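Every number in the numbering used here is 11 more than the matching position in the sequence shown, counting from 1.
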Amino acid sequence: MKQAHQASRDQPNHPISSIRIGDARKIAQPDASVDVVLMFGPLYHLTDRDDRILALREACRVLRKRGHIFAVGISRFASALDGLVRGLLDDPEFMRIVQRDLTNGQHRNPTDKSSYFTTAFLHHPKELAAEVEEAGFHLEKILAIEGPAALLQDLDERWGDRNRRKQLLNTLRWLEDEPSILGITGHMMAIARK
12 MKQAHQASRD QPNHPISSIR IGDARKIAQP DASVDVVLMF GPLYHLTDRD DRILALREAC
72 RVLRKRGHIF AVGISRFASA LDGLVRGLLD DPEFMRIVQR DLTNGQHRNP TDKSSYFTTA
132 FLHHPKELAA EVEEAGFHLE KILAIEGPAA LLQDLDERWG DRNRRKQLLN TLRWLEDEPS
192 ILGITGHMMA IARK
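Rendered as structure tokens:
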């Protein structure tokens with residue numbers, strides 16, 4: 012909250028209109044009161060499937076008819092990909108974390124290394140789709156957010172070059188909803204309507 016309030020003060024021409032701490036499983040909004048729900052966090056921080064479904068149903072409850080949800084999940088393969096890129100697979104403890112992630116999506120970090128992330132749930136693309144639909148939404152698509160660009164060792168350099176950035180973004184647009192490679196990303200976004 013402190014960071015959000017500071018960010019708001021730092022941009023006085025575009026302040027945050029309101030902010031409050033809440034629980035995605037019990038949203039303090041009336042039924043059918045919003046046009047869009049951005050769910051960036053609950054689906055990976057709620058490690059129990061029933062809690063994730065409850066959060067999605069709450070989002071559906073507060074949405075108006077034909078409203079949209081943009082719900083983000085972490086890819087089941089994120090830690091394995093991160094381990095490949097950053098050389099973390101040399102650590103047997105990290106390998107055990109990855110094995111569990113790949114087996115059941117339950118990411119646990121028993122170490123004191125914050126770079127190994129925190130307790131979370133990591134979705135397979137089909138699981139994310141199924142949860143969104145079970146909660147009552149009509150799934151439109153699932154998109155890779157970072158996509159395979161996250162694997163590039165020279166991403167910052169490419170991004171800094173205008174032509175290479177354009178080339179990269181075009182390529183990512185072509186790939187962002189390809190089911191056969193959807194898991195090759197850190198995060199996925201389900202776009203669905205009520």
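Note that beta-carbon positions come from the ideal geometry of N, C-alpha and C, so glycine has one too.
A quick note: this is a predicted structure, and the numbers were derived from the prediction, not measured.
Asp59 (DSSP reduced to helix, strand or coil): coil
Any chain C beta carbon closer than 9 Å to Ala146: No chain C appears in the structure shown, which is made up of a single protein chain.
Pairwise C-alpha distance: Gly116 and Pro53: 15 Å
CB of Glu157 within 9 Å of CB of Thr196, strictly: yes
Straight-line gap, Pro121 to Arg77 (C-alpha atoms, nearest Å): 43 Å
Neighbour-count burial assignment, Ala15, 16 or more Cβ in a 10 Å radius: exposed
Cα-Cα separation between His56 and Arg107, rounded to whole angstroms: 20 Å
Helix, strand or coil at Asp165 according to DSSP, with G and I counted as helix: coil
Expected contact under 8 Å - CB spacing of Ala146 and Leu74 to nearest Å: Not confirmed; about 11 Å, so no contact.
Anticipated Cβ contact below 8 Å, Asp112 with Ser90, distance rounded: 5 Å
6 Å Cβ shell around Arg60 - same chain, five flanking residues per side excluded: none
Contact the stretch 168-178 vs the stretch 186-194: 3+ CB pairs below 8 Å: no
Sequence-distant residues of its chain with Cβ nearer than 8 Å to Glu69 (five each side left out): Ala35, Arg36, Lys37, Ile38
Whole beta strand (DSSP E) elements within the stretch 105-135, 3-residue minimum: 131-134
Segment limits, alpha helix (DSSP H) that includes His16: 13-21
Ala140 to Asp102 span [Cα, whole Å]: 33 Å
Per-residue DSSP class, three states only, for Asp34: strand
DSSP three-state assignment for Ser28, whether helix, strand or coil: coil
Those residues which DSSP pairs with Val96 across a bridge: According to DSSP, Val96 bridges with nothing at all.
Start and end residues, beta strand (DSSP E) containing Leu49: 45-51
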